[in-house]
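Here's the structure we're looking at; comments come further down.
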Amino acid sequence: MMIIVIRRELRRLVKSCTTTSVGTGTLNMMGNKGGVGVSLEFNENFICFVNSHLAAHVHEVLRRKEDHDEILRRMQFEHGITKRSIEEHDHIFWFGDLNYRIIEQEYNKFVDPLAMGVVPGAGGTQRFANQEFIYAELQPFDQLHVEMKRKNVFVNFVEGPIMFQPTYKYDPGTNNWDSSEKSRMPAWCDRILWRSDKTHQIVYDSIMALQLSDHKPVYALFLTNVKCRDEEKYKKVHEEVLKTVDKYENDNQPQITVAETDIDFGVIQFNSVIQREILVANNCHLPVIFEFTGKEGKDSAICESWLDIQPSRGRLFTGNSISIKLELHADSKSAWKLHRKQRESGQKVPLDILVLHVENGRDIFITIIGEYRQSCIGFNLETLCQIQKPVTQMNLKEILQLEYEIDKSAPTRNEEPGKTDPAEIPRELWFLVDYLFNHGLQTLNLFSMERKFRRSANIAEIRDWLDSWSVDVFPGNPYTAAETLLFLLEATPVPLVHPYEDLVYTVDSYEKCRDIITFLTPQRKKIFIYVCLFLREVLKNVAWNRCRPPICNIPVNCREIFSPIGFQPCEIHGIWMLVEC
Numbered sequence: 001m002m003i004i005v006i007r008r009e010l011r012r013l014v015k016s017c018t019t020t021s022v023g024t025g026t027l028n029m030m031g032n033k034g035g036v037g038v039s040l041e042f043n044e045n046f047i048c049f050v051n052s053h054l055a056a057h058v059h060e061v062l063r064r065k066e067d068h069d070e071i072l073r074r075m076q077f078e079h080g081i082t083k084r085s086i087e088e089h090d091h092i093f094w095f096g097d098l099n100y101r102i103i104e105q106e107y108n109k110f111v112d113p114l115a116m117g118v119v120p121g122a123g124g125t126q127r128f129a130n131q132e133f134i135y136a137e138l139q140p141f142d143q144l145h146v147e148m149k150r151k152n153v154f155v156n157f158v159e160g161p162i163m164f165q166p167t168y169k170y171d172p173g174t175n176n177w178d179s180s181e182k183s184r185m186p187a188w189c190d191r192i193l194w195r196s197d198k199t200h201q202i203v204y205d206s207i208m209a210l211q212l213s214d215h216k217p218v219y220a221l222f223l224t225n226v227k228c229r230d231e232e233k234y235k236k237v238h239e240e241v242l243k244t245v246d247k248y249e250n251d252n253q254p255q256i257t258v259a260e261t262d263i264d265f266g267v268i269q270f271n272s273v274i275q276r277e278i279l280v281a282n283n284c285h286l287p288v289i290f291e292f293t294g295k296e297g298k299d300s301a302i303c304e305s306w307l308d309i310q311p312s313r314g315r316l317f318t319g320n321s322i323s324i325k326l327e328l329h330a331d332s333k334s335a336w337k338l339h340r341k342q343r344e345s346g347q348k349v350p351l352d353i354l355v356l357h358v359e360n361g362r363d364i365f366i367t368i369i370g371e372y373r374q375s376c377i378g379f380n381l382e383t384l385c386q387i388q389k390p391v392t393q394m395n396l397k398e399i400l401q402l403e404y405e406i407d408k409s410a411p412t413r414n415e416e417p418g419k420t421d422p423a424e425i426p427r428e429l430w431f432l433v434d435y436l437f438n439h440g441l442q443t444l445n446l447f448s449m450e451r452k453f454r455r456s457a458n459i460a461e462i463r464d465w466l467d468s469w470s471v472d473v474f475p476g477n478p479y480t481a482a483e484t485l486l487f488l489l490e491a492t493p494v495p496l497v498h499p500y501e502d503l504v505y506t507v508d509s510y511e512k513c514r515d516i517i518t519f520l521t522p523q524r525k526k527i528f529i530y531v532c533l534f535l536r537e538v539l540k541n542v543a544w545n546r547c548r549p550p551i552c553n554i555p556v557n558c559r560e561i562f563s564p565i566g567f568q569p570c571e572i573h574g575i576w577m578l579v580e581c
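Counting in UniProt numbering, the sequence shown runs from 1 upward without gaps.
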């Protein structure tokens, strides 16, 4: 039996563990003699522990060697698809009841009173037990010591100096030598050996206080240096191996060359459209079929939603080349994702990795890098309420941390006592609504399904005006202000009614709708009501702005549920809101 105990903080370094056993008893199979082994892959080393019980009796030296050889030959540890022998480990610790005794003739000299020069009649055995210096004199005649010196067993293994008295044989329950008729001579049966270039033994001793057995247990403490991976060297070697393999593959497979694999889009801002081109050429002797593929499987997207690739696939004959256009558009659906990709202001980061696959050839990885400048468009409206200064004056990391703290807080029905929000409505939302209320309520087709102002250059001016909390005159017009308002509402990471957005699609009564609004966080509830009140003002001017949708577009169940209670459903670009009549 063997138990391996590992400190909790070191457990993560154990990559694999396997056990096995070898019986060398009767018929060379039974387990009354033999060994058990444990093999660990620890960090970058393989460590082996073997606990064995070899043949007994003083004259069975050859039989003990046979047991040793059988364990060494037959003990194999399975690590994955490979097998590892005892000797194929970096550190080996072999211990147990090895049953080696003291050479009988030499022992008899020590216990013979005349040979020791004592008075006839005096007990030689008693003198042996009381004279500790004799233990060291007996060690050269220890069978294991002799066999290891002859390289018959435990080749290249080491044992520390034995500074304790023989561990066998005692009368159980005492520290007295064997007093039975057999009167077996003392011996160091219980041993601890090791083989390792990086191991130093600190303690090697027995425990005399334990008296349950006719043996005394032994223990040892080692200091072992294990190999750890040098990540810098590993990366360097890994890259060299990959280059070698790539060269071999390149010489035997279809391949294309790409002018550059790091595409820098520079500074990216919300609603900006940036284009880059990469040149792909076929310089090999075979025709090449290429395509951009998904990183997570056949059906996954080939790139992030803010990126467009044209063409995404093609065929090149020898000597031909093609220019591939990459267009990056930071729209309302991707703004919050780009915020999380950027994570911190003022530095360029990898935004995406493209996989250019060559049929029957190697893949080429193209990294998209850039710096996304944070904007108020792309954050939760609750987060904007908490911000005490313009987003342009804050580090993106600070804003994301604030948003994370807001998101992880549980929704509550009532506000916390004594706590007031810095702003009940996001300033950016108020700026837009205030302008539209004063200048845009009677604008024809203020909210149009075509959204033809989506990519207007004026959107960038309004974005910068909002991000800086400018006191200058509003730089836009009602159409671009309305478009920016939609961007602000639809670019949030989670809907305004989060976390109850799933319930919105299943409600069938006014009471349930009211409950959903009631259970929103106080901040979201205020913003929701504020938007509804603005939409009510929009609908009051429907004769001029024509924002009321055709009646056929309103779901029947919505009309039946809400009309009797003084609310009507209003759809603006797919967003259904309940507006009080």
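Glycine included, each C-beta is placed from N, C-alpha and C at the ideal position. This one's a predicted model, so the numbers in the text were calculated from it and none came from an experiment.
| query | result |
| --- | --- |
| Suppose you measure from the CA of V556 to the CA of V542; what does that come to, to the nearest Å? | Confidence in V556 is poor, its pLDDT being 41 and thus under 50, which makes the residue's placement unreliable; the coordinate value appears in the next sentence. Cα to Cα, V556 sits roughly 21 Å from V542. |
| So does the region 269 to 285 actually touch the region 311 to 326, counting three or more Cβ pairs closer than 8 Å? | yes |
| Figure out for me which residue from P287, D308, E304 and I309 has the closest Cα to the Cα of R315. | P287 |
| If you draw a straight line from the C-alpha of E240 to the C-alpha of D230, how long is it? | 15 Å |
| My assumption, with CB atoms under 8 Å, is that T318 sits in contact with H285. Please give the rounded CB distance. | 6 Å |
| Could you check which residue in D352, E41, V61 and E66 has the C-alpha nearest to that of G80? | E41 |
| According to DSSP, simplified to helix, strand and coil, what is C513? | helix |
| If I369 and V349 are in contact, beta carbons under 8 Å, what's the gap, nearest whole angstrom? | 7 Å |
| By the DSSP assignment, the beta strand (DSSP E) with E87 in it spans what residues? | Looking at the DSSP string, E87 is not in any beta strand (DSSP E), and its letter there is neither H nor E. |
| Helix, strand or coil: how does DSSP classify P140 here? | helix |
| Just the C-alpha distance for R313 and T367, rounded to the nearest angstrom, thanks. | 18 Å |
| Please give the ranges of any beta strand (DSSP E) in the region 16 to 68, keeping only runs that are unbroken, at least 3 residues long and fully inside the region. | 34 to 42 and 45 to 53 |
| Which residue marks the beginning of the beta strand (DSSP E) containing L328, and which one marks its end? | S321 to H329 |
| Starting from the Cα of T293, find the closest Cα among I364, C228, Q347 and L432 and give me that residue. | I364 |
| Taking 8 Å as the CB-CB limit, is K408 close to chain C? | Absent from the structure is chain C; it holds one protein chain and no more. |
| Among P478, L429 and I462, whose alpha-carbon lies nearest the alpha-carbon of L489? | L429 |
| For L396, tell me which candidate among Y372, L533 and S21 has the shortest Cα-Cα distance. | Y372 |
| What did DSSP end up calling I192 once you bin it into helix, strand or coil? | strand |
| So T506 is in the beta strand (DSSP E); what residue range does that whole segment cover? | Neither: T506 is in no beta strand (DSSP E) and is coded neither H nor E. |
| Is DSSP giving G124 helix, strand or coil here? | For G124, the predicted model reports a pLDDT of 39, less than 50, meaning its position is unreliable; a value from the coordinates is still stated below. Looking at G124 - three-state DSSP - the assignment turns out to be helix. |
| With the cut-off set at 8 Å, would you say Y204 and Q165 are in Cβ contact? | no |
| Taking its Cβ as the centre, do 16 or more other Cβ atoms sit within 10 Å of I244, making it buried, or is it exposed? | In the sequence as presented, Ile is not what sits at residue 244; that position holds Thr. Per the 10 Å Cβ criterion, exposed. |
| List in chain order: all unbroken beta strand (DSSP E) runs of 3+ residues lying wholly within the region 326 to 378. | 349 to 358 and 364 to 372 |
| Applying the 10 Å Cβ sphere with the 16-neighbour rule, what's the burial state of F437? | exposed |
| How many whole angstroms separate the CB atoms of H439 and P475, which I take to be in contact at a CB cut-off of 8 Å? | About 13 Å; that fails the 8 Å criterion. |
| So, helix, strand or coil for Y479, using DSSP? | helix |
| Can you tell me whether DSSP reads residue 584 as helix, strand or coil? | The chain is shown from 1 up to 581; residue 584 falls before or after that span and cannot be answered. |
| Can D262 and R362 be called in contact, C-beta distance under 8 Å? | no |
| Would you list the residues sitting across from Q76 in a DSSP beta bridge? | S85 |
| For D299, which residues from the same chain have a beta carbon less than 7 Å from its beta carbon, with the 5 sequence-adjacent residues on both sides left out? | none |
| Using C-beta distances below 6 Å, list every residue in its chain close to W465, excluding the 5 sequence neighbours before and after it, in chain order. | P475 |
| Helix, strand or coil: how does DSSP classify L279 here? | strand |
| Could you tell me whether the Cβ atoms of A187 and R101 are closer together than 8 Å? | yes |
| So, under 8 Å CB-CB, V38 and I71 are touching, yes? Tell me the CB distance rounded to an integer number of Å. | About 13 Å; that fails the 8 Å criterion. |
| Given a cut-off of 8 Å, decide if V358 and P254 are closer than it, judged by their beta-carbon atoms. | yes |
| Expressed to the nearest angstrom, what Euclidean distance is found between the alpha-carbon atoms of L85 and N156? | In the sequence under discussion, the amino acid at residue 85 is Ser, which differs from the Leu named in the question. Distance between the alpha carbons of S85 and N156 is about 16 Å. |
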